[in-house]
Amino acid sequence: MRKSLSLLLMLWVGLLVGCGSADMGSVTGTVTLDGKPLAKALLRFEPVNGERASMGETDDNGEYKLEYSLQKSGARVGEHKVTITTAAEPYPDPDSGEYLPARPELLPKKYNIDSELRKTVKGGRNTINFELSSEGDVHQPDYDDQDQ
Amino acid sequence: MTAGRPVLALQKWVTRSYVQFCTSWSPAFLVSVSFFFLQEDLTVSKSRQSTRGFTLVELLVVIAIIGILVGLLLPAVQAAREAARRMQCSNNLKQLGLAALNYEAAHKRFPMGHAHRGHLDPAGGRGGTAFFWSALILPFIEASNVYNEFDFRFPVFNNNNPTTWGNRNNEVCKTLLPWARCPSDIAPPTRRWGGAVHKAEIATTSYMANGGSFYNSLSTNERTRADYANGMSFRQSGIRIADDTDGTSNTIMYSERTWRVTRDSNLYGMINQARGYAQGRTSHGHNQGIYEMNPAPIGTWGSLQTAASSLHTGGCNFAFVDGSVHFISENIHHTYRGTKAQGGFNGVRSDPFDVANEGAGYGTYQRLWSRNDGWTISEEF
Chain C
1 MRKSLSLLLM LWVGLLVGCG SADMGSVTGT VTLDGKPLAK ALLRFEPVNG ERASMGETDD
61 NGEYKLEYSL QKSGARVGEH KVTITTAAEP YPDPDSGEYL PARPELLPKK YNIDSELRKT
121 VKGGRNTINF ELSSEGDVHQ PDYDDQDQ
Chain P
1001 MTAGRPVLAL QKWVTRSYVQ FCTSWSPAFL VSVSFFFLQE DLTVSKSRQS TRGFTLVELL
1061 VVIAIIGILV GLLLPAVQAA REAARRMQCS NNLKQLGLAA LNYEAAHKRF PMGHAHRGHL
1121 DPAGGRGGTA FFWSALILPF IEASNVYNEF DFRFPVFNNN NPTTWGNRNN EVCKTLLPWA
1181 RCPSDIAPPT RRWGGAVHKA EIATTSYMAN GGSFYNSLST NERTRADYAN GMSFRQSGIR
1241 IADDTDGTSN TIMYSERTWR VTRDSNLYGM INQARGYAQG RTSHGHNQGI YEMNPAPIGT
1301 WGSLQTAASS LHTGGCNFAF VDGSVHFISE NIHHTYRGTK AQGGFNGVRS DPFDVANEGA
1361 GYGTYQRLWS RNDGWTISEE F
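These protein sequences, in sequence, are chains C and P.
This note's numbering applies: residue 1 is where the first sequence begins, and numbers increase by one.
This note's numbering applies: residue 1001 is where the second sequence begins, and numbers increase by one.
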């Protein structure tokens, strides 16, 4: 009896240990621009060691959650270079087929093209908030040759 | 142990625990089982009765073992089914790869990616019948009957006024072909496009041609620049096998795209009457190497529509120009160069292949998409 009990406990501990993933962490947070929540901003976390990047998009409350791939969320553990942009090219809406207008870039270059944002993701849950200011040069993409 | 209410409650509790286990909450179930052992140890040892039949402990142990076995078996069955679907998918890609090679043998060119000339405005660079490569290879993949039904003088379909021209093509476009769908994909059989009144209905597909490794590599208007049109198929393309200077075993020909990421994929062709006919919709039949494989469906659709994606676990199937099919992990080395809308993050557009750094910033994945980058592929893929 004691033997089978300890056996079961060992199995249970083994199962619990097997559940954790060490090299990924979940990341959520809020993005604000001049104190107001920023909607539809696209965040990209690129690990500085060249591993696969994660992306997230803010909702109307400025909240985002990072997605790693089609079937996994979160981001690689370690230091990341972060780029944030609000620009989007015109593209036909998948449901109606009508072209959606291009969205302008609201954020200065220092957050996207020349980003110096560096954030560290740890294992487990991370909350990483961004308080951005609109001061600085803005790079506005042009879509003259946009004909994908 | 006395019969009656405690046993009834126990039975209920055991059933509940079992259900919880089956919904993959096994640790909690095992805790409760081990807890029970403890209780049994204390109570049974005091008043041991010898009756025939199973004791509660034996029953629980059997249930626990069955639960563990089921818990192990169910994912295995799912994985086996997915493996079979992946095999079917790679077979489809093999057929497509061979069809492209047979097309090349007959025409000395790989099939045109997107027909941009002919019909309406041939001089102005706009217009075109907008047939994809997937319509042109039909005779080489045992679909001559569908090919012969198409009227190639007219656009692939007309979603504004089907009664004037192209109405026959509108009907042919609904034809479903078994090799055009990956069994794991969730795309509907056909896709509706067009205005509120007349909607054209086109069969969907899971397979896309290699449209190059850069953001604008599908267009023809800047072909002189090295960072454009380096794929095997693009708008009005006519790539010879000699143009694939990287070697046919190092260049992707066809790849997958799942409906979950993009919600657009067309067999036969894609046209857009409002924005210059063939122009602007080449991406509905081509993938590009600019984005990582299997992206999560976030951001604008335009920013990830051309990424190779599938619902297979951890990667995608690829047909190469030499006809071989490989399953490549989604964690393959990839360097992101950014779209124009995203400001070209990391993008050194004047030096697209990163020649100055000996190609360090040009990932293995992009090297597979590009037919003429000149870099070696050191990583096993």
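Yeah, the Cβ is synthetic: ideal placement off N, Cα and C, and Gly gets one too.
Just checking: is the beta-carbon of GLU67(C) within a distance shorter than 8 angstroms of some beta-carbon in chain P? yes
Any chance you could list the beta strand (DSSP E) runs of at least 3 consecutive residues sitting entirely within the region 22–63 of chain C, in chain order? Here the runs fully enclosed are 24–33, 42–47, 54–57.
With a Cβ-Cβ cutoff of 8 angstroms, do VAL1146(P) and ALA1130(P) count as a contact? no
Is the separation between the beta-carbon of HIS1333(P) and that of TYR1365(P) shorter than 8 angstroms? yes
What residue from SER69(C), LEU70(C), GLU57(C) has the CA that sits closest to THR86(C)'s CA? GLU57(C)
Taking a contact to mean a Cβ-Cβ separation below 8 angstroms, would you say LEU66(C) touches MET55(C) in this structure? The Cβ atoms of LEU66(C) and MET55(C) sit closer than 8 angstroms to each other.
Is there a Cβ of chain P sitting closer than 8 angstroms to that of LEU70(C), yes or no? yes
Residues bridged to HIS139(C) [DSSP beta-bridge criterion]: Partner(s): none; HIS139(C) has no beta bridge.
Starting from the beta carbon of ILE1298(P), find every residue of chain C whose beta carbon is closer than 7 angstroms, and list them in chain order. By Cβ distance, chain C contributes MET55, GLY56, GLU57, GLU67.
Residue from GLY1269(P), ARG1260(P), THR1258(P) whose Cα sits closest to the Cα of GLN1236(P): GLY1269(P)
Own chain, CB closer than 6 angstroms to LEU1368(P), minus 5 neighbours either side, in chain order: ILE1252
Put ASN1102(P) into one of helix, strand or coil per three-state DSSP. helix
Please state the DSSP three-state secondary structure of GLU131(C). strand
Answer yes or no: does any C-beta atom of chain C fall closer than 8 angstroms to that of GLU1330(P)? For GLU1330(P), a Cβ of chain C is located within less than 8 angstroms of the residue's own Cβ.
Under 9 angstroms Cβ-Cβ, which residues of chain C neighbour PRO1295(P)? MET55, GLU67, SER69, LEU70
Within 8 angstroms (strictly less), CB to CB, does ARG1260(P) reach chain C? Taking Cβ atoms only, chain C reaches closer than 8 angstroms to ARG1260(P), which makes this a yes.
Quick check on MET1208(P): does DSSP put it in helix, strand or coil? strand
Comparing the C-beta of GLU1292(P) with each C-beta of chain C, is any distance below 8 angstroms? Taking Cβ atoms only, chain C reaches closer than 8 angstroms to GLU1292(P), which makes this a yes.
Please state whether DSSP places GLU79(C) in a helix, a strand or coil. strand
Please identify the residue among MET1293(P), ASP1243(P), TRP1133(P), ASP1151(P) whose C-alpha is closest to the C-alpha of ARG1257(P). MET1293(P)
Reducing DSSP to helix, strand and coil, say where ILE1328(P) ends up. strand
Output, in sequence order along the chain, the residues in the region 73–84 of chain C whose CB is closer than 7 angstroms to any CB in chain P. THR83
Nearest candidate by alpha-carbon position, reference ARG1181(P), set ASN1092(P), PHE1154(P), PHE1140(P): ARG1181(P) has its Cα closest to that of ASN1092(P), out of ASN1092(P), PHE1154(P), PHE1140(P).
Quick one: does SER1255(P) have its CB under 8 angstroms from some CB of chain C? Judged by the 8 angstroms Cβ criterion, SER1255(P) is not in contact with chain C.
Would you verify that the beta carbon of ARG125(C) is, or is not, closer than 8 angstroms to some beta carbon of chain P? no
How long is the line joining the alpha carbons of GLU116(C) and LEU1096(P), rounded to whole angstroms? 45 angstroms
State buried or exposed for MET1087(P), treating a residue as buried only when at least 16 other CB atoms are found within 10 Å of its CB. exposed
Cβ neighbours of ASN61(C) in the same chain (closer than 7 angstroms, five flanking residues each side left out): PRO37
List the residues of chain P that ARG118(C) touches, going by C-beta distances under 8 angstroms, in chain order. In chain order: nothing, as chain P lies at least about 15 angstroms away.
Cut-off 8 angstroms between Cβ atoms - residues of its own chain near ILE1186(P), not counting five sequence neighbours on either side: Cβ within range, chain order: THR1258, TRP1259, ARG1260, LEU1311.
Taking Cβ positions, are THR32(C) and THR127(C) nearer each other than 8 angstroms? No, the Cβ-Cβ distance between THR32(C) and THR127(C) is not below 8 angstroms.
Identify whether MET1087(P) lies in helix, strand or coil by the three-state DSSP scheme. helix
So, at 7 angstroms on beta carbons, what are the nonlocal neighbours of ASN129(C) in its own chain, with the 5 sequence-adjacent residues on each side left out? If we look at ASN129(C) and ignore the five residues flanking it on each side, its Cβ neighbours are GLY29, THR30.
Distance, TYR1336(P) Cα to ASN1346(P) Cα: Bear in mind that a pLDDT of 43 at ASN1346(P), under 50, signals an unreliable position, so the number given afterwards is only what the model happens to contain. Going by the C-alpha atoms only, they are around 7 angstroms apart.
At a CB-CB cut-off below 8 angstroms, which residues of chain C make contact with SER1309(P)? Result: LEU70.
Taking only the alpha-carbon atoms, compute the straight-line gap between LYS1094(P) and PHE1234(P) and give it to the nearest angstrom. 21 angstroms
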